[in-house]
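Participant: Take a look at this one; I'll ask things after.
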Amino acid sequence: MTIKLMTQNELSDFLSYCETYRYAHDESFLDEEEMAEFTVNEKDPTYLLYNEDKLIGVLSIMYDDYYVAGQKARIRIFHCIEDIREHYQLLLSAALPVEFDIDRLEMFLPDKVSGVQDIVKDLGFSYYRTSYVMVRKGKDRVTANFPVGYELKPLVVDRDEEAYAFIRNKAFENLKGSQTPINKEIVHKLFNDKWLLKEGMQLLWYKDSPVGVLRMIHESDDTGEYSFVAPIALLPEHQGKGIGRELLKAGIELGQQNDLNDCMLVVNAENEQALSMYQKSGFETLESVSCFVFNLLDEDQVLDHAIFLMDADRIKDAQEYIEENQTKTKGLIRGQIDNFRYCLAALAGKKELALDILRSTIEEKGNWYRPVVFEDDDLTSLQGDSEFERLKHLNELKYKDALVNSKPVATWSEKKADNILLAMHGNQQNISHAKKQWDALASDSLQVEYLQSSDIDSFLLYRWENEGSAPDQIHSAINAMDWDAYSKRTLGGFSAGCNAIARAVAEKQVHADRLVLVGPWLPSFYTKGFEPLFEPLKLSKVLIVCGDLDNDCLPHAKALHSALTEANIDCRLEIVENMGHAFHKGFASLVEEWI
Numbered sequence: 007m008t009i010k011l012m013t014q015n016e017l018s019d020f021l022s023y024c025e026t027y028r029y030a031h032d033e034s035f036l037d038e039e040e041m042a043e044f045t046v047n048e049k050d051p052t053y054l055l056y057n058e059d060k061l062i063g064v065l066s067i068m069y070d071d072y073y074v075a076g077q078k079a080r081i082r083i084f085h086c087i088e089d090i091r092e093h094y095q096l097l098l099s100a101a102l103p104v105e106f107d108i109d110r111l112e113m114f115l116p117d118k119v120s121g122v123q124d125i126v127k128d129l130g131f132s133y134y135r136t137s138y139v140m141v142r143k144g145k146d147r148v149t150a151n152f153p154v155g156y157e158l159k160p161l162v163v164d165r166d167e168e169a170y171a172f173i174r175n176k177a178f179e180n181l182k183g184s185q186t187p188i189n190k191e192i193v194h195k196l197f198n199d200k201w202l203l204k205e206g207m208q209l210l211w212y213k214d215s216p217v218g219v220l221r222m223i224h225e226s227d228d229t230g231e232y233s234f235v236a237p238i239a240l241l242p243e244h245q246g247k248g249i250g251r252e253l254l255k256a257g258i259e260l261g262q263q264n265d266l267n268d269c270m271l272v273v274n275a276e277n278e279q280a281l282s283m284y285q286k287s288g289f290e291t292l293e294s295v296s297c298f299v300f301n302l303l304d305e306d307q308v309l310d311h312a313i314f315l316m317d318a319d320r321i322k323d324a325q326e327y328i329e330e331n332q333t334k335t336k337g338l339i340r341g342q343i344d345n346f347r348y349c350l351a352a353l354a355g356k357k358e359l360a361l362d363i364l365r366s367t368i369e370e371k372g373n374w375y376r377p378v379v380f381e382d383d384d385l386t387s388l389q390g391d392s393e394f395e396r397l398k399h400l401n402e403l404k405y406k407d408a409l410v411n412s413k414p415v416a417t418w419s420e421k422k423a424d425n426i427l428l429a430m431h432g433n434q435q436n437i438s439h440a441k442k443q444w445d446a447l448a449s450d451s452l453q454v455e456y457l458q459s460s461d462i463d464s465f466l467l468y469r470w471e472n473e474g475s476a477p478d479q480i481h482s483a484i485n486a487m488d489w490d491a492y493s494k495r496t497l498g499g500f501s502a503g504c505n506a507i508a509r510a511v512a513e514k515q516v517h518a519d520r521l522v523l524v525g526p527w528l529p530s531f532y533t534k535g536f537e538p539l540f541e542p543l544k545l546s547k548v549l550i551v552c553g554d555l556d557n558d559c560l561p562h563a564k565a566l567h568s569a570l571t572e573a574n575i576d577c578r579l580e581i582v583e584n585m586g587h588a589f590h591k592g593f594a595s596l597v598e599e600w601i
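Residue 58 in our numbering sits at position 52 of the sequence shown, with consecutive numbering throughout.
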């Protein structure tokens with residue numbers, strides 16, 4: 007058996023397979039019209055399992071902008087002709103690790119295929135929710151009758167999109183599977199859907215304000231042709247008054263006006279109020295389908311646990327753990343993960359595995375590391391090996407090439423708000439890593455910008471050398487922006503980025519009204535003392551955040567807090583329980599409250 011990432015050469019095989027097995031699992035994105043427009047592209051990666059020349063299984067994933075905005079990807083089809091675990095495993099392994107910044111893969115399976123559900127659960131998918139596919143079939147025609155003051159009107163393009171999005175988002179903000187908000191661009195896309203019924207998008211108005219939405223499309227499956235509720239929604243203050251039932255009738259009526267007497271919808275099983283309304287309106291359950299999710303791990307989570315096992319002298323467990331979970335990490339840059347993989351393999355006595363990983367990392371993936379990495383004690387068992395020496399030499403050539411072109415990168419282009427925060431990443435990170443944490447602080451009043459170090463660490467990753475040029479880099483970046491034009495100026499950093507900030511403050515007298523230091527690694531001050539910071543920070547506020555399990559940085563955080571407090575500098579230390587060297591989920595809220 008062989009696995010192929012689909013190219014144009016295999017497209018016809020894939021389309022034929024989808025046509026044959028369209029209704030076996032989840033046909034939501036497999037209809038004839040949609041598949042006729044399907045193209046081979048990066049946002050729809052598709053993996054094919056062949057037994058000689060016969061296609062026996064497929065996995066196709068949708069990284070649509072809407073799904074990715076919700077930190078997930080939707081599986082279009084994950085199906086094998088035979089319910090054999092190994093076949094499904096081969097396809098899933100080929101698709102991992104994913105190359106998008108998402109938290110999970112999401113798929114739906116009918117409850118009638120319980121055998122396949124058991125297989126995907128065994129592969130690491132977990133149950134998330136159940137939905138009912140409901141139909142109103144062969145029933146009498148209906149007419150909506152809204153109370154006085156309510157009126158249903160067709161959506162007016164270029165006027166009503168924001169209102170439609172607001173109502174839909176407000177109504178569904180706590181509904182599983184629908185929490186990701188939509189915007190006016192998505193509303194435009196929904197309006198231009200070729201399956202939309204005539205006047206199929208409408209707003210319900212109460213007096214002069216829109217309070218509800220209705221969207222009806224054409225749907226078909228192996229049981230017939232239907233109008234499909236996609237969706238109906240009401241603002242909370244208009245719910246519980248019977249308005250929703252009339253809105254549903256209006257949707258059914260709209261379908262009947264388009265010669266579709268039967269109607270279909272999908273409802274979450276836990277949405278008991280809506281389920282009851284649909285049943286009273288003549289809908290019956292056609293089938294139940296369950297959603298399963300494959301949760302992806304943040305690289306820091308995997309590395310933190312591996313370090314925990316290493317600190318407990320459980321090298322074998324650490325090696326097995328990181329090898330088992332390395333494909334479940336998200337993101338395209340995997341330098342740290344691979345670094346841990348080959349080091350732990352060498353420590354665990356698995357020399358050939360360590361060399362295989364190193365060969366794949368440097369030759370196949372094109373990664374490289376600082377040469378000093380290869381002098382690590384963890385790699386003692388590889389020293390002197392001819393293949394290891396060859397890979398070291400190849401790595402050094404790649405490193406020197408990158409060194410020639412390295413320079414700091416700043417995102418600032420113009421003043422956009424009254425206040426500014428300039429954030430610095432940690433070691434073995436880049437701007438993308440920093441944006442994941444600090445972007446949440448951006449608002450109309452706070453502009454968030456980033457500075458990426460010129461000190462290279464490994465492929466596409468950077469560091470702040472303890473005694474390097476960080477102060478000059480930060481000073482130059484600030485001089486290039488209207489720093490003094492902002493009302494409040496904040497410098498934020500993670501790990502070694504905090505040391506870079508502290509050095510810029512002490513050595514270049516860079517002024518900031520506020521410092522936000524997360525997991526601070528402060529080697530330039532921890533042993534020598536923090537006195538150089540006292541005068542530059544006497545009018546500043548400092549927030550220090552650190553995990554109670556961050557064994558390396560917590561002593562630095564406590565020492566800095568103690569020194570600044572004794573110097574009468576406004577300083578707050580927030581120690582987060584059960585957290586290692588990372589950001590916590592409440593970070594943005596904490597900083598906003600502190601500011």
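C-beta: ideal position from N, C-alpha, C; glycine also.
(1) With a Cβ-Cβ cutoff of 7 Å, do L98 and L129 count as a contact?
(2) Would you mind stating whether L115 and V104 have Cβ atoms separated by less than 7 Å?
(3) Among P153, L457 and M316, which has the Cα closest to the Cα of K247?
(4) Beta-carbon within less than 6 Å of A79's beta-carbon, same chain only, minus the 5 sequence neighbours each way: which residues are those?
(5) Given a cut-off of 7 Å on the beta-carbon distance, is the pair L570 and V548 in contact?
(6) If you reduce the DSSP assignment to three classes, tell me which class I601 lands in.
(7) So N436 packs on L466, CB below 8 Å; how close in whole Å?
(8) Assuming the contact rule is C-beta atoms closer than 8 Å, V516 and V551 should be a hit. Round their C-beta distance to whole Å, please.
(9) Starting from the N-terminal side, write out each stretch of the beta strand (DSSP E) that is 3 residues or longer and does not extend beyond the region 395-447.
(10) Let's see if you can read the secondary structure: which residues bound the alpha helix (DSSP H) around E259?
(11) Please name the residue or residues paired with E580 in a DSSP beta bridge.
(12) In chain order, what residues of the same chain have a beta carbon less than 7 Å from the beta carbon of M316, not counting five sequence neighbours either side?
(13) Which residue wins for smallest C-alpha separation from I83, given the options S34, Q77 and L102?
(14) At 3 residues or longer, and completely inside the region 252-330: list those beta strand (DSSP E) runs for me, N to C.
(15) Which term fits H399, buried or exposed, when burial requires 16 or more other beta carbons within 10 angstroms of its beta carbon?
(16) Name the residue from V415, H224 and E252 whose alpha carbon lies nearest to the alpha carbon of L158.
(17) Mark R221 as exposed unless 16 or more other C-beta atoms lie within 10 angstroms of its C-beta, in which case mark it buried.
(18) Under a three-way DSSP split, which group does Q453 fall into?
(19) Pull up the distance between the alpha-carbon of V139 and that of L281, whole angstroms please.
(20) Could you round the C-beta distance between N505 and P529 to whole angstroms and report it? I think they count as a contact, below 8 Å.
(21) Using the Cα positions of P242 and A177, report the straight-line distance between them to the nearest angstrom.
(22) Which two residues bound the contiguous beta strand (DSSP E) that contains P237?
(23) Measure the CB-CB distance between L428 and E455 and report whether it falls below 7 Å.
(24) From the DSSP output, in three-state form, read off W489 for me.
(25) Taking all protein chains shown into account, do 16 or more other C-beta atoms lie within 10 angstroms of the C-beta of P51, making it buried, or fewer, making it exposed?
(26) When DSSP labels each residue in this structure, what does S215 get in the three-state scheme?
(27) If distances are taken between C-alpha atoms only, which option among N373, T417, M430 and A440 comes closest to D407?
(28) Using 8 Å as the Cβ pair cut-off and three pairs as the minimum, do the region 304-319 and the region 572-589 touch?
(29) Touching or not, the region 387-401 and the region 412-428, by the rule of three or more beta carbon pairs under 8 Å?
(30) Using 10 angstroms around the beta-carbon of N57, count the other beta-carbons present and answer buried if the total reaches 16, otherwise exposed.
(31) Could you spell out the range, first to last residue, of the beta strand (DSSP E) harbouring T26?
(32) Check this for me: beta carbons of C269 and S233, under 7 Å apart or not?
(33) Does the Cβ-Cβ distance between V5 and V522 come in under 7 Å?
(34) Taking the Cβ atom as the reference point for each residue, do Y27 and H85 lie within a distance shorter than 7 Å?
(35) Measuring alpha carbon to alpha carbon, tell me which of A101, L203, A30 and D382 ends up nearest E88.
(36) Relative to the C-alpha of N411, which candidate in S459, Q443 and S366 has its C-alpha closest?
Facilitator: Let's see:
(1) One-based indexing of the sequence shown puts residue 98 at position 92. One-based indexing of the sequence shown puts residue 129 at position 123. Against a cut-off of 7 Å, the Cβ pair of L129 and L98 comes out as a contact.
(2) One-based indexing of the sequence shown puts residue 115 at position 109. One-based indexing of the sequence shown puts residue 104 at position 98. Not in contact: L115 and V104 (Cβ atoms no closer than 7 Å).
(3) Sequence index remark: in the sequence shown, residue 247 carries index 241 (1-based). Measuring from the Cα of K247, the nearest candidate turns out to be P153.
(4) As a working note, residue 79 is residue 73 in the sequence shown. Excluding positions up to five away in sequence, the list reads I67, Y69, Y73, I108 and L111.
(5) Locating residue 570 in the sequence shown gives position 564, counting from the first residue. Locating residue 548 in the sequence shown gives position 542, counting from the first residue. Against a cut-off of 7 Å, the Cβ pair of V548 and L570 comes out as a contact.
(6) Here the question's residue 601 lines up with position 595 in the sequence shown. Three-state result, I601: coil.
(7) Numbered from 1 along the sequence shown, position 430 holds the residue referred to as residue 436. Numbered from 1 along the sequence shown, position 460 holds the residue referred to as residue 466. Yes, they are in contact, since the Cβ atoms of N436 and L466 sit about 6 Å apart, within 8 Å.
(8) Within the sequence shown, the letter at position 510 stands for residue 516. Within the sequence shown, the letter at position 545 stands for residue 551. No, V516 and V551 are not in contact; Cβ-Cβ is about 21 Å, not under 8 Å.
(9) 425-430
(10) Indexing the sequence shown from 1 puts residue 259 at position 253. First-last of the alpha helix (DSSP H) with E259: I249 to Q263.
(11) As a position in the sequence shown, residue 580 is number 574, starting the count at 1. Per DSSP, V551.
(12) For the purposes of this step, residue 316 is taken as residue 310 along the sequence shown, with counting starting at 1. For M316, the CB contacts under 7 Å within the same chain, skipping 5 residues up- and downstream, are A324 in chain order.
(13) If you number the sequence shown from 1, residue 83 lands on position 77. Of the candidates S34, Q77 and L102, the one whose C-alpha sits nearest the C-alpha of I83 is S34.
(14) 269-274 and 290-301
(15) Looking up residue 399 in the sequence shown gives position 393. Exposed, by the Cβ-count rule.
(16) As a first step, residue 158 must be located in the sequence shown, where it is residue number 152. Considering only alpha carbons, the answer is E252.
(17) Sequence index remark: in the sequence shown, residue 221 carries index 215 (1-based). It counts as buried.
(18) In the sequence shown, the residue the question calls residue 453 occupies position 447. Reduced to three states, the DSSP call for Q453 is strand.
(19) In the sequence shown, residue 139 corresponds to position 133, counting from 1. In the sequence shown, residue 281 corresponds to position 275, counting from 1. Rounded to whole angstroms, V139 to L281 spans 11 Å at the Cα level.
(20) Walking along the sequence shown from the start, residue 505 turns up at place 499. Walking along the sequence shown from the start, residue 529 turns up at place 523. The Cβ separation is near 6 Å, so the contact holds.
(21) Working through the sequence shown from its first residue, we reach residue 242 at position 236. Working through the sequence shown from its first residue, we reach residue 177 at position 171. Straight-line Cα distance between these residues: approximately 6 Å.
(22) The residue labelled residue 237 in the question sits at position 231 within the sequence shown. It spans G230 to L240 - the beta strand (DSSP E) in which P237 sits, taken as one unbroken run.
(23) Within the sequence shown, numbered from 1, the residue matching residue 428 stands at position 422. Within the sequence shown, numbered from 1, the residue matching residue 455 stands at position 449. Cβ distance < 7 Å, so L428 and E455 count as in contact.
(24) As a working mapping, residue 489 is identified with position 483 in the sequence shown. In the structure shown, W489 sits in a helix (DSSP, three-state: H, G or I).
(25) Sequence index remark: in the sequence shown, residue 51 carries index 45 (1-based). A residue is called buried once 16 or more other Cβ atoms fall within 10 Å of its Cβ, and P51 is buried on that count.
(26) Residue 215 sits at position 209 when you count from the first residue of the sequence shown. Reduced to three states, the DSSP call for S215 is strand.
(27) Working through the sequence shown from its first residue, we reach residue 407 at position 401. Of the candidates N373, T417, M430 and A440, the one whose C-alpha sits nearest the C-alpha of D407 is N373.
(28) yes
(29) no
(30) Stepping through the sequence shown from its first residue, residue 57 is reached at position 51. Counting Cβ neighbours within 10 Å, N57 comes out exposed, since fewer than 16 surround it.
(31) Translated into positions along the sequence shown, residue 26 becomes position 20. Run containing T26: none in the beta strand (DSSP E); it sits in the alpha helix (DSSP H), L17 to T26.
(32) What you label residue 269 is simply residue 263 of the sequence shown in a count that begins at 1. What you label residue 233 is simply residue 227 of the sequence shown in a count that begins at 1. Cβ distance < 7 Å, so C269 and S233 count as in contact.
(33) Because residue 5 is not part of the residues shown, which for the chain are 7 to 601, the question remains open.
(34) Along the sequence shown, one-based indexing puts residue 27 at 21. Along the sequence shown, one-based indexing puts residue 85 at 79. For Y27 and H85, yes; Cβs fall inside 7 Å.
(35) For this step, residue 88 is matched to residue 82 along the sequence shown. Of the candidates A101, L203, A30 and D382, the one whose C-alpha sits nearest the C-alpha of E88 is A30.
(36) Walking along the sequence shown from the start, residue 411 turns up at place 405. When each option's Cα is compared against that of N411, the closest is S459.
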